[in-house]
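Asks: So the number in our numbering is just where the residue sits in the sequence shown, counting from 1, plus 749.
The structure's right below; bear with me while I get my questions together.
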Amino acid sequence: MKPRYLGRRVPAVWIAAIWAASSIPVVEAQTTVFAAFGDSITEGINFDELCSCQCREECGYPRRLEDFLNGVGLSSILSNRGRGGETTPMGLGRFDTFLNIERNSDVVLLMEGTNDIGRISRETTLFNLAEMAHRTEEAGLEAAHATLIRRYPGALEDFDNVINERLARDVRDLAYENGRMLVDPFDAFINTPGVFVTHYADVSEDPVGHPNSYGYGQLARIFFNVIRDRDIYPPVVGSVEPERSTQGVSPYAPIRFMLYDFGAGVDLTATRVLIGGVEVPYAATGDPGAYEITYLPPQPLPDSVVVWVVTQDLESPPNAMTDEVTRFTVGDDMALPCVADEITLCIDQQPGDGRFKVTMTWHTELNGGQSGDAFATPLAELGLPAGGLLSFFEGNPEVLVKILDGCAENGRFWVFVSPTTTLGFELTVEDTLARIQGAESSVYKTVVENADGEFARPYFDIEAFDTCVYNLP
């Protein structure tokens, strides 16, 4: 379900503002009270010219946001509960006290985590933010999530914003999944030309990357636009697989990412996915508020992969976005889904792709009991790439296995097994491409068994693998 801003209840003052915009007289609405919770980015520091008097209530984005809201007739009060140098574990430690102080507030604006980067795991940060939001809602207040601003290129930790970007995408997932308001300065800031010069304190004075007075004003403006439900921001990317900078990825690994729009929704007809600058087909599931985009590579990915998305929202005029989703490297030792050896039979769909993996174990009570792995003999060298032989003892073929591509006939791969034995065995056939790309084991695996001492019967299944979808043209 697509979240609505402050979905549990919309403050009456905002409803009044909408009526006022339509020139309909209304009774004066109540004041909305916001509590801004976070670290030094919320608290504000001396790089903010309004802080020259050391008056904490004048610092950061909250006071500016209050002025913006009141300036358009939205009666609002904002309290600044930021604390410089705080991590999310520290913030969670004081959160109950904060809620007790702010029990008469309407909305809590959560923007914290920049001090976690390089010191605390992303999973812990996300858990703490989720717990803060949960406690806020249990107290009867609205919770709103905010991503962090980009870190200055000269920052000591995460100067390239890899961790920060992952956290921003996590926060988007968290906001959407719980129907909460999302304020997203991470992307909004970077889309401003020369942002590190115009919006940030001088790096010689502040290697961390705090906003200057102008930056705090822009940060407040981003909060202001979202609170007013002004849809001026394009879609954003949520969680991604594989994540940026991942190494040793399988060449057949699926590429998946969430595409969100917290306003009018994503225009899927205008959405393109590019890998290495080439547009590729993709599958999309969900709704305009949130689509999961999936690309299943039909051929091995190149050694280095860069994924871009080009999209826009359904607003008129649309808000467009072109963004690098992820980049990662492929492992050299994973060229084929199936690696053939003396006990592993690899059967192709396309020449050389080794898509289907066949293994077999055998057992018998004869001669005091014996068991082992069957030996594999491929038939591709004889011009028969769709099949292979398995044997229990050298020079004694026991089982013929054949796999046919029936996707054009009934949308399935077909499996045929012709045994010539009375020994017990368990034969396993896997569609390794489907496995690598995330299919359930019940979809990509078939097991054929025979009890020891019984004449094995032929086996055939023309609906064995419903995995043709994992072979996009």
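Glycine is no exception: its CB is placed at the ideal position from the N, C-alpha and C atoms.
Three or more C-beta pairs under 8 Å: does that hold for the stretch 953 to 964 against the stretch 915 to 929?
Replies: Judged by Cβ distances under 8 Å, the stretch 953 to 964 makes no contact with the stretch 915 to 929, as fewer than three pairs qualify.
Asks: Within the same chain, show all residues whose beta-carbon is closer than 8 Å to that of ARG1076, passing over the 5 residues directly before and after it, in chain order.
Replies: Result list for ARG1076: ARG993, SER994, SER1053, VAL1054, VAL1055 and VAL1056, in chain order.
Asks: Which first and last residues belong to the alpha helix (DSSP H) in which ASN974 is found?
Replies: Per DSSP, ASN974 belongs to the alpha helix (DSSP H) from 962 to 976.
Asks: When DSSP builds the beta bridges, which residues end up paired with TYR1040?
Replies: TYR1040 pairs with LEU1008 and GLY1035.
Asks: Measure the beta-carbon distance from LEU878 to GLY862 and round it to whole angstroms, keeping in mind my assumption that it falls under 8 Å.
Replies: That belief holds up - the Cβ atoms of LEU878 and GLY862 are roughly 7 Å apart, short of 8 Å.
Asks: If you reduce the DSSP assignment to three classes, tell me which class LEU1128 lands in.
Replies: In this structure, LEU1128 counts as coil in the three-state DSSP scheme.
Asks: Would you tell me roughly how many angstroms separate the C-alpha atoms of GLU1114 and GLU1091, rounded to the nearest one?
Replies: Straight-line Cα distance between these residues: approximately 24 Å.
Asks: Straight-line CA distance for SER789 to ARG830?
Replies: Each residue's Cα considered, the two are about 10 Å apart.
Asks: Thinking C-alpha only, which one of VAL1088, PHE783, PRO934 and ALA1205 is nearest THR1171?
Replies: Checked all of VAL1088, PHE783, PRO934 and ALA1205; the closest Cα to THR1171 is ALA1205.
Asks: Check for me: the beta strand (DSSP E) holding ASP865 runs from which residue to which?
Replies: No beta strand (DSSP E) holds ASP865; DSSP gives it neither H nor E.
Asks: Thinking C-alpha only, which one of ALA895, ILE1185 and THR1181 is nearest LEU858?
Replies: It is ALA895.
Asks: Taking the C-alpha atoms as reference points, what is the distance between CYS1217 and GLY1160?
Replies: When rounded, the distance between both Cα atoms is 6 Å.
Asks: Inspect the beta-carbon positions of PHE817 and ALA969 and report whether they are closer than 8 Å.
Replies: Yes, the Cβ-Cβ distance between PHE817 and ALA969 is below 8 Å.
Asks: Identify every residue that forms a DSSP beta bridge with ILE1096.
Replies: Answer by DSSP bridge pairing, in chain order: PHE1105.
Asks: Which residues mark the beginning and the end of the beta strand (DSSP E) in which GLY1160 is found?
Replies: Element bounds for GLY1160: n/a, residue is neither H nor E.
Asks: Threshold first: 3 residues or longer. Then list the beta strand (DSSP E) segments lying entirely within the stretch 876 to 958, N to C.
Replies: The stretch 876 to 958 contains these whole beta strand (DSSP E) runs: 891 to 895 and 930 to 932.
Asks: Apart from the five residues just before and just after VAL1079, which ones in its own chain have a Cβ nearer than 6 Å to its Cβ?
Replies: Cβ neighbours of VAL1079 beyond the five flanking positions: VAL998, PRO1000, LEU1050 and ASP1052.
Asks: What did DSSP end up calling PHE1214 once you bin it into helix, strand or coil?
Replies: Strand, per DSSP.
Asks: Can you tell me which of the three DSSP states LEU1138 falls into?
Replies: If DSSP states are grouped into helix, strand and coil, LEU1138 belongs with the strands.
Asks: On the criterion of 16 or more Cβ atoms from any shown chain inside 10 Å, does SER854 qualify as buried, or is it exposed?
Replies: So SER854 ends up on the buried side.
Asks: Per DSSP, VAL1059 forms a beta bridge with which residues?
Replies: In DSSP, VAL1059 forms a bridge with ARG1021 and THR1071.
Asks: Does DSSP classify LEU859 as helix, strand or coil?
Replies: Looking at LEU859 - three-state DSSP - the assignment turns out to be strand.
Asks: DSSP has ASN1199 in a bridge; who is on the other side?
Replies: Bridge partners of ASN1199: PHE1174.
Asks: What's the C-alpha gap between ILE976 and GLY1155?
Replies: Distance between the alpha carbons of ILE976 and GLY1155: 54 Å.
Asks: By DSSP, does ASP845 sit in helix, in strand, or in coil?
Replies: Looking at ASP845 - three-state DSSP - the assignment turns out to be helix.
Asks: Less than 7 Å between C-beta atoms, sequence neighbours within five positions excluded: which residues of the same chain meet that for TYR965?
Replies: Closer than 7 Å at Cβ, skipping near neighbours: GLY793, ASP797, GLY809, TYR810 and ARG813.
Asks: What residue does the alpha helix (DSSP H) around ILE981 start on, and which one ends it?
Replies: Run containing ILE981: none; DSSP gives neither H nor E here.
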